[in-house]
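Asks: Pasting a structure below so you can have a look.
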Amino acid sequence: GKDNDCDGEIDEELTPPTCAKSFGPCAGTVKRCGGEQGWLTCDTSDYLATSKDYEDTETSCDGIDNDCD
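For the sequence shown, counting from 1, position 14 maps to 14 in the working numbering; every step adds exactly one.
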């Protein structure tokens with residue numbers, strides 16, 4: 001990040017965009033800042049950080065939309 005407003009802080013008050021999968025256990029998952037690369041595409045680790053119930057491919061029969069689609 002950069003100190004764009006010259007106050008000695010980097011990217012303060014920056015609100016990250018939500019990830020593409022935003023249903024069920026994935027609700028609230030946000031993209032990570034990749035510095036000069038910009039916002040990174042969400043991956044399994046991002047969704048798992050939000051919910052332990054996330055599955056890349058839904059395999060559980062628990063009434064939860066575990067793959068967030």
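Where is the CB? At the ideal position from N, CA and C, for every residue including glycine.
All of these numbers come straight from a predicted model, not from anything done at the bench.
Cα-Cα, which of T18, G24, C19 is closest to G63?
Replies: It is G24 whose Cα lies nearest to the Cα of G63.
Asks: Which one or two residues does DSSP pair with T18 in a beta bridge?
Replies: In DSSP, T18 forms a bridge with V30.
Asks: Quick check on the DSSP output: the alpha helix (DSSP H) that includes Y47 runs from which residue to which?
Replies: Where Y47 is concerned, the enclosing alpha helix (DSSP H) stretches over 44-50.
Asks: Taking 8 angstroms as the cut-off, does the region 43-60 touch the region 8-15 (at least 3 CB pairs, one atom from each stretch)?
Replies: Not touching, per the Cβ criterion.
Asks: Tell me which residues share the same chain as C26 and place their Cβ nearer than 7 angstroms to its Cβ, disregarding the 5 neighbours each side in the sequence.
Replies: So the list reads C19, Y47, T50, S51, Y54, C68, once near-sequence residues are dropped.
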